[in-house]
Structures are given as C-alpha cells and as structure tokens.
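Mind the numbering: the sequence shown is residues 3 to 66 in the numbering used here, read in order.
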Amino acid sequence: MLNKTLIFLARELGYEKLIAEVRKENRIGLKFYKYCGFSKVATLKNQVKLGNRYDDVVLMEKFI
3 MLNKTLIFLA
13 RELGYEKLIA
23 EVRKENRIGL
33 KFYKYCGFSK
43 VATLKNQVKL
53 GNRYDDVVLM
63 EKFI
C-alpha cells in the first residue's frame, strides 16, 4: 500500500524515477527495494562511517 501511494504521489508531482540509497549491510532493506521493483545502479565504497568502520552505499532506482 505504501509503495503504491508513494508511486502515485511521485507521478502526480511529475517524477519519472525514484532513487534509494541503502547501506550495503542492510540486506533486508536491499531485498525490500528489489521486491518493490528497484534495480541496483551503483555502489559507493566507504560512503558511511559507523563508529570506527565504513560501509558501502548501494544506489537503486525505479522508473515509474
């Protein structure tokens, strides 16, 4: 329901594409966006610092 509402509102505002940034360690988030039709575009290495270590960020997109 949330996915459909988000897409509806984005289209109403004239958007043609949605973009998501998901930490690589967030496997549940990555699966969720893939389930919603997003595709992986790129990986930004060492983008987010968590304490003393860095995590990559996965860029995902969905054309609507």
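The beta carbon of each residue, even a glycine, is placed where N, CA and C say it ideally should be.
**Message:** Quick check: the region 8-16 against the region 26-35, are at least 3 beta-carbon pairs closer than 8 Å?
**Reply:** Taking one beta carbon from each stretch, the region 26-35 and the region 8-16 have fewer than 3 pairs nearer than 8 Å; the two do not touch.
**Item:** Boundaries of the beta strand (DSSP E) in which F65 is found, first to last residue
**Value:** Unbroken beta strand (DSSP E) run through F65: 55-65.
**Request:** For K51, write down the residues that DSSP places opposite it in a beta bridge.
**Result:** BP columns for K51 point to Y56.
**Item:** Whole-Å CB distance - F40 paired with E63, under 8 Å assumed
**Value:** Rounded to the nearest angstrom, the Cβ distance from F40 to E63 is 6 Å, consistent with a contact under 8 Å.
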